[in-house]
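Participant: As they're listed, the protein sequences go chains A, B and C. Taken in order, the first sequence gives residues 1 to 418; the numbers are from this note's numbering. Taken in order, the second sequence gives residues 419 to 1398; the numbers are from this note's numbering. Taken in order, the third sequence gives residues 1399 to 1485; the numbers are from this note's numbering. All C-beta atoms in this analysis are idealised placements derived from N, C-alpha and C, irrespective of residue type, glycine included.
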Amino acid sequence: MNRYSAFSLLRNALSGNRHWSEAWRKPEPKRSYDVVIIGGGGHGLATAFYLAENHGVRNVAVLEKGYVGGGNVGRNTTIVRSNYMLDGATQFYEYSMQLWEELSAALGYNVMFSQRGQLVLAHSVDQLDYFSRKANIMRLNGIDADILTIDEVRRMAPYLDLSPEARFPVYGGIFQGRAGTARHDAVAWGFAHAADRHGVDIIENCEVTGFAFENGRAVGVETRSGTIGAGRIGMAVAGHTTELGRKADLELPIESHVLQAFVTEPIKPLVHQVIAYGADHFYISQSDKGGLVFGGGLDGYNSYAQRGNLGVVREVSEAAIALMPNISRLRLLRHWGGVVDMTPDAAPIISKTPVKGLYLNGGWCYGGFKATPASGWCFAQLLAEDIVPALARPFYLDRFRTGALLDEAGAGPYAWRQ
Amino acid sequence: MQVSGSRLPSGGRIDREKPIGFSFDGRSYSGYAGDTLASALLANGVSLVGRSFKYHRPRGIFSAGIEEPNALVTFGHDGRRDPNVPATMVELVEGLEAQSQNRWPSLGFDVLAVNQVFAPLLSAGFYYKTFMGPTRRAWLFYEHFIRRAAGLGKASLQPDPDRYDTEYAFTDVAIIGSGPTGLAAALSVARSGARVTLIEQDGAIGGQMLSQPSEGAAADWLAAAGADIAGFPQITVRTRSTAFGLYDGNTIGIVERRDHLGPEPGQTRQLLVLLKAQSIIFTTGAIERPLLFADNDRPGVMLASAASTYLNRFAVACGRTIVVATNNDSAYATARDFAAAGSKVTVLDARPASPLADSARKHGITVLQDHQLLAAHGSPVSAVAFRSGSSEARLSCDLLLTSAGWTPSVHLTSHLGIRPIYDARIGGFVPGSFAAGHFGAGALMGDYTTAEAIERGAAAGLGAACFCGRKAEPHAIPTPDLDEGIARDLPALAVPRRGKVFVDLQTDVTTSDIALSDREGFRSVEHLKRYTTLGMGTDQGKTSNVHAIALMALARDQSIEQTGTTTFRPPYSPVAVGVLAGRSIHGHFKPIRRTPLHDWHLRRGAEMIEVGLWKRPLFYPEHGPDVGAAAIAEMKLVRSAVGLVDVSTLGKIEVAGPDALTFLDRLYVNNLGKLQVGKGRYCVMLRDDGIVFDEGVVIRLAEERFFLTTSTMKAADVQSWMEFLAQTAWPDLRVHITSVTDEWAMLALAGPRSRDVLAAAFPDIATDDESLPKMAVVTGTFAGEVLRIQRVSYSGERAYEIHVGSRRGAALADHLMAAGQPVGVEPYGVDAMGALRIEKGFAAGSEIDGTTTLDDIGLGGLAKKSGGFAGAVLSRRPTLTNPDRRRLVGLQCLDAGRQLRTGSILFSEGAPQRGHGIGHVTAVTFSPETDKQIGLALLSGGPERIGETMLATFPVRNEMVRVRVVSPVFVDPDGARIDA
Amino acid sequence: MLAITCPNCGERNSNEFRYGGDASIVRPSHEDPSEEAWFRYVYIRDNPKGPHREYWQHVGGCRGWLIIERNTSNHVVLGVRRAGECR
């Protein structure tokens, strides 16, 4: 198994790159594992890695129905930030940020975590006040945050339409310098690579079609290649949580919706931060390859189609031009959709389920990517110790009954409007 | 630069009478009308046009179409700068300025070409394996340089001055692609009477026929077909129109380019057409793919069919001594065309035999069978290396043309999720299936001869016509007599083991990158794309995808079917963001809403501000130099005399019907049973989850007719919610719900002298306190319109809201101003209005933020004890009734001269300042009334803490002030003034 | 663009409509005091991959609330009726 470094790169280059081995093995599934994780996306692979790394649980399989990283970890707009205001969410996402900051080193894989900063623009005094509250909460929790004046915004991104004549003039913004982007595929591959080095079996093209129960406890999963026994089973299939959950009669507060992403042709560096429009659904960053990567809001109706509709493509383009009139002639290279689990408060679920032996990680809405390390960290602890980690307690399923919701936007129990 | 091509004296589809001047990298050249930039550059002997993405290798023009991976150039300057445009797709217009890109300092000498030396280090995915140290932020350092090296052209920093439009179009049958298949299909549909829209990305119809000799059977056929098409009024031909995506509802996204018309005033640069069709025929054709060999990216290497296009359509012979290397028969036509043009042509055919070899030899072409192309030499190409049997040899040439078969353009058909399937006969992917009403024909389906294409196209046309309910008869369409070779039954792909063999020219992915990717276990086609970036360029891998899959299959020793295919994402070719936005820019982006008094405010010089989609007056500069000073003056005016404010933005809804009262009683938390006709009430509604949704006033206009207001921001949501309940939950209730927001202008008169103004303005309407007690309504007329006056206050002062038909709004304002002049009435803006409500402790948007309960905002007393209203049950959940919840209080700043700010976090004195605090400040103002900084806050425990001193901390500014928790009602807590 | 055939107005683009979520769950009576019933109504969703009954309101037209059956895996609309009408 290769360890990656500048030295290994040089050594292999000198031998014609013929001696690299697989980034992760392609094992046949064993008959049973201590823990089976369903879903070879970012969260499932991170869970497997931390199970081995933090808890010494190495007899673990990750079952992926397609290819590793083929779901939302490979379809998102790669933003990492920890600017959450509500008690519980603040701490969780900041912990995730701290894990991001060490992630390349921890995995021995460069996930290209680029802390280039994220700027969210304010278009009214009220919005700026709201951002001040958020920034103050962040500071009080040891998280970097600044409120920028319009002049500071101009210095950061002179190409924005900051004129008073803009449809929604800019008043300033909130900036988190430690926020940024990461290379999404590399996150999946890096966790897979590192988990594999710990002995985790990553099994691709292995769809789970059902569960095996004994006395009401889930004791294994059914796959095309037979039943695989499991001490504990973790679901990490956001986007398709209810489809899988139905096989264990789980009743969940989740809807599947499509979130689109867009990339333009590659250009020389233009956008140096992550910038979010505050007046409508539009945010943008520039990939290392040079493409402007941007996103908007949900398509707005339940969907599993993994593709978006033109209406939202146009709405996002309108918002893009409103903020960045200079990119009008740049051309959209691709647009695609990811299927996300939407919850009634736009916050995730990390929880035990009513089925013994079956644990749930899902409901990541449009914010799963940045949560990947902390999600895996917490879910691993839940699976290893059967104890809900304090960091994940706010995300327990019971909150919908008690009313302890984490609805930052105050959008209410309408998943498609969150 | 040597001359590798030149214009033929005759032939082609260019207009030699119309020379056109243009420049490339600052040098002036000349071409003809009908040229593309690519053909004009080739005619001028320009072979080096760009540098590659990663290794900065010199690149020339590779194709003649949308598949161009190399020749990406930048056009124009300033706001009209267009980077990364394929030179093959740009029509030559006078004065066109083009520049090469991704090179420094010049195209001829590019410093980053040094990357080629480090190529072994820069293998696929190299960046995942390094740049991880020495510190954890090291990547940011490396990334800076990587970003600068990456990217292609430069974007403009200025706004785009051009205009874009949108058209919604409808047709019976849409046909995408106007090659012989599409033309045959169009004629076949049109004869049934159905409407046809024929979509062609080129400037002219004809597809591959345009690349055939401009005189002869093909040209004659095309001319005849074109005349037939023109004879059918039900055929709409859209040229320069690229169908870039297929979307739900049989909607085709099309961009029509009008760039060639130039930036004339009023001219639309590009048009987005959303074409809705009953039936779609895909006749998108196929794109040739090249052979793979070492240094196959050199200038002077071209697709065989592209060279034919340049020769036949543009009358440009790209070379004199030509090698055509092929593994199929289609390239023989190219060889023949060039031989006819007088070039010396050698065909290297990988196969042991070809049925066309003898005829080629008769045309003076040297045909070498069983010859494998190994490498190109020279830059631009000056020779090729090949293998025959066990021996290797070289051959001089100035142009190397290759063909390894054709790749059907299945992109559009796969946009809605239909996966392409491999067709071994043609060595390419064809659509796996079609949805009902969708048809495919021609090269897209592997129908490679013109005769097949025409026949199948006509058949598809019949199918589409029938699908649209038309009676269609087969009708013979003549076929041209062409001596064509086609690319079927191809030999296995041969890949030389030596040298740098590019699979994806644009992203610089080589065969060894693909081998490495396989070695490292990236075996899904999606993994390959993501790991190597193959197919991720602006050409979306149109000439490389099939090769990549074949190479993966080869490496894994499995079939292409087992290896799979990739998902094609829209758009088919890149689409400008601006054309997607169309006219929805500036004031048309989220169109501005204006109140009936908008111009009235402007006349008074009001400083306007965006509130949601609305424009509202923030303050009137006549009252002070800035918003702070003016708002204080305006507040004082209201507290001491009377002010006038425009509240027309409030949502206004009428509810009528026998069950209107029952309906509203279930909707609002309030008990409305005793609401009398002519009276109003302040009401609140919850969401089903028990959180406060909105508030407003409900007025009972008549026994069965109510008028209610909503907050400005929630108007649309509230109306839909009411309609939802009426239509889906309680359909048995007989109610009508009508939005009247735009029908009414609403003005509020507030202040102790407000009644005086009313009395003077409406002497005929009884507005004394007996006739018009608190919350009551009286009606009258004003300028012939119904006028309503309600006594209601949000400021704590005596106040009235006056409603009149929108068109009388400004007149009413003038009338009130005139009537109120003796008591000094003045208008006030939303800043003062907001501050007045803070002084009075009314919860508004910053407290009703979608997370607060009735009790949180101090309105628990409004709710019916009996329940039965929306949200009642879930509002009783434990977390929502926890006494520790944050509830509304007032704050008084104790530190004179220091600013209490909205967004401050509250801590008890002495408590550690970390975490989330025990409350937060939702609104602040300077209170002229108390001469203090005051605020509203949501504080854990709420009113129970009144009297406590707290710290309001604002870490972002490093500020902290002491505050006293007080009642949120700062003004007139006894409510005496409202009657004053 | 999703196309929805409004029973009142004819075929229209979905951008004239407002989505209203799952229509297969029956809203409890306004007097129903059961927290469980309201919890399930507000939060629990079947979320099928396939045919899904859902509310849409034609806000840019007749303002009628419709119940649409639509396949969530391919967006094909299978049926439309007015919300107040019985099946």
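Considering only the alpha carbon of each residue, which of B/R1001, B/S606, B/R658, B/P651 lies closest to B/K889?
Facilitator: Ranking the options by Cα distance to B/K889, first place goes to B/S606.
Participant: Going straight from the alpha carbon of B/L1318 to that of B/V1342, what length do you get?
Facilitator: Taking the straight line from one Cα to the other gives about 7 Å.
Participant: Classify A/H257 as buried or exposed, calling it buried when 16 or more other Cβ atoms lie within 10 Å of its own Cβ.
Facilitator: By the neighbour-count rule (16 or more Cβ atoms within 10 Å), A/H257 is buried.
Participant: Quick check on the burial criterion: 16 or more other C-beta atoms within 10 angstroms. Buried or exposed for B/F662?
Facilitator: It counts as buried.
Participant: When you compare only the Cα positions, how much space is there between B/D1187 and B/G1337?
Facilitator: If you take the alpha carbons of B/D1187 and B/G1337, they lie about 41 Å apart.
Participant: Name the residue from C/D1430, C/G1418, C/N1445 whose alpha carbon lies nearest to the alpha carbon of C/Q1455.
Facilitator: Closest by alpha carbon: C/G1418.
Participant: DSSP on A/G311, reduced to helix/strand/coil?
Facilitator: A/G311 falls in the helix class under three-state DSSP.
Participant: Would you list the one or two residues that DSSP bridges to B/M1164?
Facilitator: In DSSP, B/M1164 forms a bridge with B/H1221.
Participant: I need the DSSP call for A/G363, collapsed to helix, strand or coil.
Facilitator: Residue state, collapsed to three classes: coil.
Participant: Give the C-beta separation of B/D755 and B/N730 to the nearest angstrom, bearing in mind that I take them to be a contact with Cβ-Cβ under 8 Å.
Facilitator: The pair is a contact, with the Cβ atoms about 6 Å apart (cut-off 8 Å).
Participant: Give me the Cα-Cα distance between B/V848 and B/S772, rounded to the nearest whole angstrom.
Facilitator: If you take the alpha carbons of B/V848 and B/S772, they lie about 25 Å apart.
Participant: Classify A/G296 as helix, strand or coil using the three-state DSSP reduction.
Facilitator: In this structure, A/G296 counts as strand in the three-state DSSP scheme.
Participant: Which residue spans inside the region 1177-1248 of chain B form an unbroken beta strand (DSSP E) run of at least 3?
Facilitator: Qualifying beta strand (DSSP E) stretches, in chain order: 1195-1200, 1203-1209, 1217-1223.
Participant: Going by DSSP in three states, C/V1478 sits in which element: helix, strand or coil?
Facilitator: Reduced to three states, the DSSP call for C/V1478 is strand.
Participant: Express the C-alpha separation of A/G376 and C/E1409 in angstroms, rounding to a whole number.
Facilitator: Going from the Cα of C/E1409 to the Cα of A/G376 covers about 46 Å.
Participant: Jot down the residue ranges of each uninterrupted alpha helix (DSSP H) in the region 808-890 of chain B, minimum 4 residues, whole runs only, in chain order.
Facilitator: Listed in chain order, the complete alpha helix (DSSP H) runs (minimum 4 residues) inside the region 808-890 of chain B are 829-832, 868-885.
Participant: Quick one: what's B/I1364 bridged to in DSSP?
Facilitator: Its beta-bridge partners do not exist; DSSP assigns none.
Participant: Pick out the complete beta strand (DSSP E) segments inside the region 506-548 of chain B, 3 residues or longer, and give them in chain order.
Facilitator: Segments of the beta strand (DSSP E) lying fully in the region 506-548 of chain B: 514-517.
Participant: Please list, in chain order, the chain A residues whose beta carbon lies closer than 8 Å to that of C/Y1417.
Facilitator: In chain order: G300, Y301, W416.
Participant: Comparing C-alpha positions only, which one of B/S1138, B/S1322, B/P798 sits nearest to B/D1112?
Facilitator: The shortest Cα separation from B/D1112 among B/S1138, B/S1322, B/P798 belongs to B/S1138.
Participant: Out of curiosity, what's the CA-to-CA distance linking A/Y171 and A/A122?
Facilitator: Near 5 Å, if we compare the C-alpha coordinates of A/A122 and A/Y171.
Participant: Spell out a yes or no on whether the region 144-160 of chain A and the region 267-279 of chain A are touching, meaning 3 or more CB-CB pairs, one atom from each, closer than 8 Å.
Facilitator: Yes: the two stretches touch, three or more of their Cβ pairs being nearer than 8 Å.
Participant: Under a Cβ-count criterion, where at least 16 other Cβ atoms within 10 Å of its own Cβ denotes burial, should B/Y586 be classed as buried or exposed?
Facilitator: With fewer than 16 Cβ atoms within 10 Å of its Cβ, B/Y586 is classed as exposed.
Participant: Is it buried or exposed, B/P476, if we count other Cβ atoms within 10 angstroms and call 16 or more buried?
Facilitator: B/P476 is buried by the Cβ-count criterion.
Participant: If you measure beta-carbon to beta-carbon, which residues of the region 1446-1459 of chain C are closer than 9 Å to chain A?
Facilitator: From the region 1446-1459 of chain C, only P1446, K1447, G1448, H1450, E1452, W1454 have a Cβ closer than 9 Å to chain A.
Participant: Please confirm whether C/N1406 has its beta-carbon closer than 9 Å to some beta-carbon of chain E.
Facilitator: The structure shown contains no chain E; its protein chains are A, B and C.
Participant: Got a sec, what are the start and stop residues for the beta strand (DSSP E) B/W1018 sits in?
Facilitator: No beta strand (DSSP E) contains B/W1018, which is instead part of the alpha helix (DSSP H) from 1016-1021.
Participant: So the alpha helix (DSSP H) B/Y949 belongs to, where does it begin and stop?
Facilitator: Residues 943-950.
Participant: Between B/Q1145 and chain C, is the shortest Cβ-Cβ distance under 9 Å, so that the two count as touching?
Facilitator: Chain C contact via Cβ: present.
Participant: In this structure, how does DSSP classify B/K1258 when only helix, strand and coil are distinguished?
Facilitator: Helix, per DSSP.
Participant: 9 Å is my cut-off, CB to CB: does A/A52 come that close to chain C?
Facilitator: Chain C, which has no Cβ nearer than 9 Å to the Cβ of A/A52, makes this no.
Participant: In the DSSP assignment, the beta strand (DSSP E) including B/I1071 goes from what residue to what residue?
Facilitator: That run of the beta strand (DSSP E) goes 1069-1074.
Participant: The region 644-669 of chain B: which residues have C-beta closer than 8 Å to a C-beta of chain A, in chain order?
Facilitator: Flagged, chain order: G663, Y665, D666, T669.
Participant: Tell me the rounded alpha-carbon separation between B/A768 and B/V785.
Facilitator: Computed Cα separation, rounded: 11 Å.
Participant: State buried or exposed for A/L10, treating a residue as buried only when at least 16 other CB atoms are found within 10 Å of its CB.
Facilitator: Exposed, since its Cβ has fewer than 16 Cβ neighbours within 10 Å.
Participant: So who's on the other strand from B/C1101, going by DSSP bridges?
Facilitator: According to DSSP, which records beta bridges pairwise, B/C1101 is partnered with B/G1114.
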